[in-house]
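These notes concern the structure reproduced below.
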Amino acid sequence: MAGDDKKPDPNGTVPEGGPRPPVEARTEENLVSPPSRHYPETGPELRRSARADPPTTGHSWDGIEEYDNPMPRWWLWTFYICIAWAVIYMLLYPAWPLVSKATPGLLGYSTRAEVVREMQDFEARNEVWFQRLVETEVASLREDTELERFAVQAGRAVFAAQCSQCHGAGAQGVQAGGFPSLLNDAWLWGGTLEDIHQTISHGIRNEDDPDARWSEMPAFGVDGLLSDEEIDQVVEYVRAMSGQSHDAALAEPGAEVFEWNCAACHMDDGSGNTDLGAPALNNQIWLYGGDRDTLRHTIVYSRFGVMPAFTQRLREAEIRAVAVYVHQLGGGQ
Ligand code: HEC
Ligand code: HEC
Numbered sequence: 007m008a009g010d011d012k013k014p015d016p017n018g019t020v021p022e023g024g025p026r027p028p029v030e031a032r033t034e035e036n037l038v039s040p041p042s043r044h045y046p047e048t049g050p051e052l053r054r055s056a057r058a059d060p061p062t063t064g065h066s067w068d069g070i071e072e073y074d075n076p077m078p079r080w081w082l083w084t085f086y087i088c089i090a091w092a093v094i095y096m097l098l099y100p101a102w103p104l105v106s107k108a109t110p111g112l113l114g115y116s117t118r119a120e121v122v123r124e125m126q127d128f129e130a131r132n133e134v135w136f137q138r139l140v141e142t143e144v145a146s147l148r149e150d151t152e153l154e155r156f157a158v159q160a161g162r163a164v165f166a167a168q169c170s171q172c173h174g175a176g177a178q179g180v181q182a183g184g185f186p187s188l189l190n191d192a193w194l195w196g197g198t199l200e201d202i203h204q205t206i207s208h209g210i211r212n213e214d215d216p217d218a219r220w221s222e223m224p225a226f227g228v229d230g231l232l233s234d235e236e237i238d239q240v241v242e243y244v245r246a247m248s249g250q251s252h253d254a255a256l257a258e259p260g261a262e263v264f265e266w267n268c269a270a271c272h273m274d275d276g277s278g279n280t281d282l283g284a285p286a287l288n289n290q291i292w293l294y295g296g297d298r299d300t301l302r303h304t305i306v307y308s309r310f311g312v313m314p315a316f317t318q319r320l321r322e323a324e325i326r327a328v329a330v331y332v333h334q335l336g337g338g339q
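Each residue of the sequence shown is one higher than the last, beginning at 7 in this note's numbering.
Structure below.
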């Protein structure tokens, strides 16, 4: 036959085991159907199950038929229990959304009411402490350690919300803004619990509270109270009394300028006066700054630091709590 003497194709593949045997053309005679399949003998088990073949649903996909089996009982029961659960839940709890709120449910349960109740509980518990804060003498607020602990916690929260924007999160102050640090023991208006309580209650140089702390340093430059030369001299004198580098030749006459113009408020030795909110000038702690330019600016234009009053904004107990908090920061007297 033609295939027998066909040379192997140089590029093609030679079938393994030599050339492929010729394929006979199909005729009536050689047409055979594949042998029918033989299955292993079915045992009695298999036969029984075959007998119990359930009815089919009549659905058939590509010859695969769907048995009409009942659901497993455990599955059905779980299903029914879920339905019952859902119905009971819908009756007892808020379930169906309506226009503005959901159906209330028979139990009247509401997560929002729950939160409100918890907050009320919390406040009621704090109320006892707030009461004690208000009933205790301001000066002895730190004598009861338990009460003090509560006050410091509550005061810290008040400070973060009401004071930190000016005094800094850690009460370290912001010199550029004239916001004093509350951490040291240099006080403008006094560092006892009562002083601090008073400052917070009524504020400083504000127009809203008639009891606000008040004082004004004269603007020695713009009001023409001192000449330029005298200002230069007193600047050097302030630098000398605060222990900074200074021009001794200017500082010497500066002492006299100070005595006549400044000592009334800042005291002879520059130690300041808390009755007037006049800061000490004989230390390294500055409200506005101790470099020459800043000193000059303060003396020429004066300063006018304002702090709001808190009697309208906070409860008395909160004012006391934050006073205790500030007092224990390190500088309390
Ligand atoms: C709007 C800014 C501002 C806020 C808010 C503010 N303060 Fe003040 N506070 C000041 C300024 C400014 C001064 C200094 C005023 C001055 O120059 O005498 C000051 C001074 C003080 C002083 C006096 C310091 C001293 O040395 O005597 C205390 C105490 C104080 N603040 C506590 C608080 C507390 C506590 C709060 C929050 C309840 C608070 N401040 C909120 C601006 C503020
Ligand atoms: C009527 C009282 C008064 C007189 C007089 C006065 N001061 Fe003052 N001085 C104050 C007060 C009050 C402040 C704080 C102002 C503020 O906080 O806004 C202050 C602040 C200052 C400061 C800022 C200190 C800092 O820490 O940044 C300097 C410096 C100063 N005074 C120097 C002088 C000198 C120098 C004179 C005299 C030429 C003088 N003062 C006269 C009341 C006075």
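Using N, Cα and C, we set each Cβ at its ideal position, and we do this for glycine too.
query, result
"Proximity winner among GLU258, PRO60, PHE165 and HIS173, relative to GLU236 (alpha-carbon distances)", "GLU258"
"Option nearest GLN339 by Cα separation, candidates LEU188, ARG302 and GLN290", "LEU188"
"Residue burial classification, GLY336 (beta-carbon count within 10 angstroms, cutoff 16)", "exposed"
"Reduced DSSP category for ILE206 - H, G, I as helix; E, B as strand; rest coil", "helix"
"Between the CA atoms of MET125 and GLY276 - distance to the nearest angstrom", "51 Å"
"4 or more residues per run - each alpha helix (DSSP H) lying fully within the stretch 58–135", "79–98"
"Distance, CYS88 Cα to PHE165 Cα", "52 Å"
"For MET247, the three-state DSSP class (helix, strand or coil)", "helix"
"Cβ-heavy atom distance, TRP292 to ligand 2, below 8 Å", "yes"
"Given 8 Å, three or more beta-carbon pairs between the stretch 127–146 and the stretch 297–317", "no"
"Cutoff 7 Å; reference GLY227; Cβ partners in own chain excluding five residues on either side", "ILE237, ILE305, VAL306 and TYR307"
"Where ARG279 falls: helix, strand or coil (DSSP)", "Inspection of the sequence shows that residue 279 is occupied by Asn rather than by Arg. If DSSP states are grouped into helix, strand and coil, ASN279 belongs with the strands."
"Neighbourhood of CYS115 by C-beta, 8 Å cutoff - its chain only, sequence neighbours within 5 removed", "Rather than Cys, the amino acid found at residue 115 in this sequence is Tyr. Answer for TYR115: LEU98, TYR99 and PRO100, listed in chain order."
"Bridge-paired residues (DSSP) for VAL306", "Paired residues: none, contrary to the question."
"Start and end residues, alpha helix (DSSP H) containing GLU258", "254–267"
"Inter-residue Cα distance where the pair is ALA177 and VAL241", "29 Å"
"Opening and closing residue of the alpha helix (DSSP H) in which CYS169 lies", "It is not in any alpha helix (DSSP H) - CYS169 carries neither H nor E in the DSSP assignment."
"Pairwise C-alpha distance: LEU293 and GLY184", "5 Å"
"ALA327 - containing alpha helix (DSSP H), residue span", "322–333"
"Chain-order list of residues whose beta-carbon lies under 6 Å from that of PRO285 (same chain, five-residue window excluded)", "LEU194, GLY278 and LEU293"
"Secondary structure of PHE156, DSSP reduced to three states", "helix"
"Residue(s) in a DSSP beta bridge with ARG219", "ILE210"
"For ALA225, three-class secondary structure by DSSP", "coil"
"Local conformation of VAL241 per DSSP, three classes", "helix"
"Reduced DSSP category for ALA270 - H, G, I as helix; E, B as strand; rest coil", "helix"
"Contact test: GLU143 Cβ vs ligand 2 heavy atom, cutoff 8 Å", "no"
"Sub-9 Å separation of ALA329 and LEU153 beta-carbons", "no"
"heavy atom of ligand 2 below 8 Å from PHE310 C-beta", "yes"
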